[in-house]
Amino acid sequence: MLRGDYAGALAAYRGVADIADLEPGLLPASMRREAAASAVTGGAASVQVARLVRECERCLRVGVTEPLLRVRLCKLGIDTVLCGGGTGAACKPLRRCVSAVEMGSGRTRAVSICEPDDTRKVYAAPRERCVTVTLDNGVEERHAFGCDARTLRDNFSMEWLLPQGPAHPVRRGPWNTRYVVLGISGFSSFLSFLPFRTLRPVVARAIQCAPPGTMSEALRSAVPVCQASRKHRMLLDRLVAAHQEHAHPNIDPIIAYSTSVEGGVAIFSEFSAGGVMRECHTRYPQVRPLTVVQWSFGLLSALAFLHERGFAHGGVSLDNVLVEADGTSRLKRFYPDFQQMQRRFCMSRTCYVSPLMAAGAAPTPACDMFCYGLLSLELMSRRRAWTWGPSEEGRPGASPEDLKALLKAGGDAFGLALQEGRVVVHVELLHQRTVTSQFSPLARETVLRCLSDDPAARPTAVEVRLLLKAALLASGVQVCE
């Protein structure tokens with residue numbers, strides 16, 4: 001394999017693959033350590049041979065003729081160094097380096113300008129990997145992730161720098177936080193992470209009983225790196241193409257994606273200085289009604305644009321609307337094939353769902369308008385849009401703390417509670433004094449229509465947008481078409 005003779009390597013590996021008590025000494029030097037030290041596979045070298053057989057078959061199938069490793073990344077005598085028996089120059093550590101350069105393989109090469117060129121080679125410890133446990137449709141799922149990435153490379157071969165330092169600790173598990181990343185060209189963007197819904201069988205079997213947390217040395221050797229497949233990349237290519245084709249000033253587009261992350265994909269979208277609407281609404285307690293109307297106008301402009309083209313967003317919420325410095329708002333990314341994305345990636349379901357979506361149906365434009373009603377109700381009242389149903393009043397487990405925990409969890413637990421009537425929309429908030437004194441009867445009636453249980457009775461995004469446009473023009477605010 002090192003010489004590019006994959007046919008000869010395949011024949012050699014097949015000759016020893018069926019040996020019951022295969023000794024690690026029959027393996028290449030690079031594979032002996034993980035075969036002998038792997039507690040997960042019980043030291044079964046045949047498992048490692050099977051991997052090499054599959055790799056040789058793949059190279060022959062696609063016609064690869066280049067050697068497996070064209071450049072030696074470490075000095076000779078690596079087996080002696082790993083066993084702790086090295087002496088002399090082979091094991092002597094170099095002085096502390098003054099700079100570090102990220103290599104494409106994920107290892108850090110230390111560089112000192114004072115060292116001779118032939119000795120400037122120090123390699124950092126292996127990249128950390130971890131196992132996390134999540135609940136997906138009530139089933140406990142385990143995922144394997146890389147933890148200490150410093151840079152990412154997107155589908156256009158552009159490199160992005162991830163934030164570092166005490167304020168940005170090493171990422172553990174799925175990156176459920178939105179990061180601001182910096183491109184090498186100086187362009188900033190938001191990064192979000194989508195974990196894979198299903199793992200390859202060999203990965204799932206290896207981590208099915210693994211404890212959550214950082215992987216041990218043996219587990220890391222036994223678990224292959226799980227990256228995006230061809231179907232994942234095709235789906236993401238269509239997603240980026242759809243955002244380019246259906247560009248709109250009030251839609252925050254996806255500009256690129258990266259498959260260089262273990263366990264999922266990274267999505268890059270345009271940076272917004274104001275953050276999401278929930279952050280702005282929490283940061284400024286005295287938001288004027290006119291500001292709320294202007295934010296809603298930008299959101300409805302995006303929804304009307306998508307609905308006219310046959311798309312439903314399916315995720316309208318305070319956390320998915322960005323606020324710009326000029327007061328306009330932009331709806332975060334949309335998915336042309338929402339159900340296909342849900343089948344391929346773990347997309348968390350929040351409490352911003354309509355009764356139809358809670359039952360498991362695909363989102364529709366009427367569902368988006370129901371979620372817009374929930375969003376508007378929270379903006380107008382500054383309280384949660386859901387409350388316990390009449391049947392739950394006074395029952396154990398129906399306290400405000402329990403409701404808060406249920407809304408935070410979302411997913412199937414909240415969807416089941418909504419279908420059973422244990423949770424209902426808190427429409428009484430529209431009749432509170434703080435709401436009636438600031439918003440007109442027409443605005444409150446429009447929100448109430450959006451929250452109707454009958455999808456046919458809900459107004460369209462175009463209808464509500466026209467009402468908000470008239471209100472803005474009457475207040476002297478210039479509206480851009």
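Each residue of the sequence shown is one higher than the one before, starting from 1 at the first, in full-length UniProt numbering. Beta carbons: idealized from backbone N, C-alpha and C, even for Gly. Model, not experiment: these values are computed from the prediction.
Alpha-carbon to alpha-carbon, proline 201 and leucine 331: 37 Å
Alanine 385 burial status per 10 Å Cβ neighbour count (16 or more: buried): buried
Coil, strand or helix - alanine 12 by DSSP: helix
6 Å Cβ shell around glycine 410 - same chain, five flanking residues per side excluded: Cβ neighbours of glycine 410 beyond the five flanking positions: Arg349, Thr350 and Cys351.
Integer Cβ distance of methionine 357 from cysteine 367, believed to fall under 8 Å: 5 Å
Residue of Thr291, Ala302 and Pro211 minimising C-alpha distance to arginine 465: The alpha carbon of arginine 465 has as its nearest neighbour, out of Thr291, Ala302 and Pro211, the alpha carbon of Ala302.
Check whether threonine 151 and histidine 143 have beta carbons under 8 Å apart: No; because the gap between Cβ atoms is not below 8 Å, this pair is not in contact.
Start-end ranges of the alpha helix (DSSP H) lying completely within the stretch 300-351, minimum 4 residues: 338-344
Proximity winner among Leu236, Thr134 and Ser269, relative to glutamine 208 (alpha-carbon distances): Of the candidates Leu236, Thr134 and Ser269, Thr134 places its Cα closest to the Cα of glutamine 208.
Rounded C-alpha distance that separates alanine 247 from leucine 430: 35 Å
Three-state class that DSSP yields for leucine 194 in the structure shown: Leucine 194 falls in the strand class under three-state DSSP.
Where the alpha helix (DSSP H) through serine 475 begins and ends: Where serine 475 is concerned, there is no enclosing alpha helix (DSSP H), given that its DSSP letter is neither H nor E.
Same chain only: Cβ atoms within 6 Å of phenylalanine 414, ignoring 5 sequence neighbours per side: Cys351 and Leu406
8 Å contact criterion, which phenylalanine 193 and cysteine 226 should meet: CB distance rounded: With 8 Å as the limit, phenylalanine 193 and cysteine 226 do not qualify as a contact, their Cβ atoms being about 14 Å apart.
Closer than 7 Å: glycine 310 CB and nearest the ligand FMN heavy atom: As far as ligands go, the structure on display features none, and thus does not contain the ligand FMN.
Under 8 Å between C-beta atoms of valine 261 and glycine 146: yes
For phenylalanine 345, the nearest candidate out of Arg14, Leu182 and Leu236 (CA to CA): Leu236
Bridge partners - tyrosine 179, DSSP secondary structure assignment: Leu191
Residue nearest to proline 253 in terms of C-alpha spacing, selected from Thr259, Gly264, Phe268 and Gly263: Phe268
First through last residue of the beta strand (DSSP E) which encompasses isoleucine 255: 254-258
Start-to-end residues for the beta strand (DSSP E) that takes in isoleucine 267: Element bounds for isoleucine 267: 264-270.
Local conformation of valine 101 per DSSP, three classes: Legend: pLDDT at valine 101 = 39, less than 50; position of this residue unreliable, no value from coordinates given.
DSSP three-state assignment for glycine 4, whether helix, strand or coil: The answer is coil: DSSP assigns glycine 4 none of H, G, I, E or B.
When Val293, Leu60 and Cys130 are compared against glycine 213, the one with the closest alpha-carbon: Cys130
Identity of the residue in Ala398, Val447 and Glu66 nearest glycine 373 by Cα: Val447
CA nearest to the CA of valine 353, picked from Arg383, Leu318, Gln244 and Val181: Leu318
Neighbourhood of residue 484 by C-beta distance below 7 Å, restricted to the same chain and skipping five residues each side: In the structure as shown, the chain begins at 1 and stops at 481. Residue 484 is therefore absent and cannot be evaluated.
Contact check, valine 180 vs leucine 161, beta carbons under 8 Å: Against a cut-off of 8 Å, the Cβ pair of leucine 161 and valine 180 comes out as no contact.
Valine 321, buried or exposed, once every other Cβ within 10 Å from all chains shown has been counted against 16: buried
Extent of the continuous alpha helix (DSSP H) run through leucine 418: From DSSP, the alpha helix (DSSP H) with leucine 418 extends over 411-419.
Cβ-Cβ distance between valine 424 and leucine 451 below 8 Å: no
Residue from Met158, Tyr335 and Lys404 whose Cα sits closest to the Cα of alanine 242: Tyr335
Those residues which DSSP pairs with tryptophan 388 across a bridge: Val423
Paired residues, beta bridge with arginine 153 - DSSP: Residue pairing from DSSP places arginine 153 in a beta bridge opposite Glu159.
Top-ranked residue by Cα proximity to residue 549, from Gly315, Ser229 and Ala210: Here the chain comprises residues numbered 1 to 481, so residue 549 is not present and cannot be evaluated.
Selection from Arg238, Cys371, Ala417 and Ser296 that minimises the alpha carbon distance to tryptophan 388: The option with the nearest alpha carbon to tryptophan 388 is Ala417.
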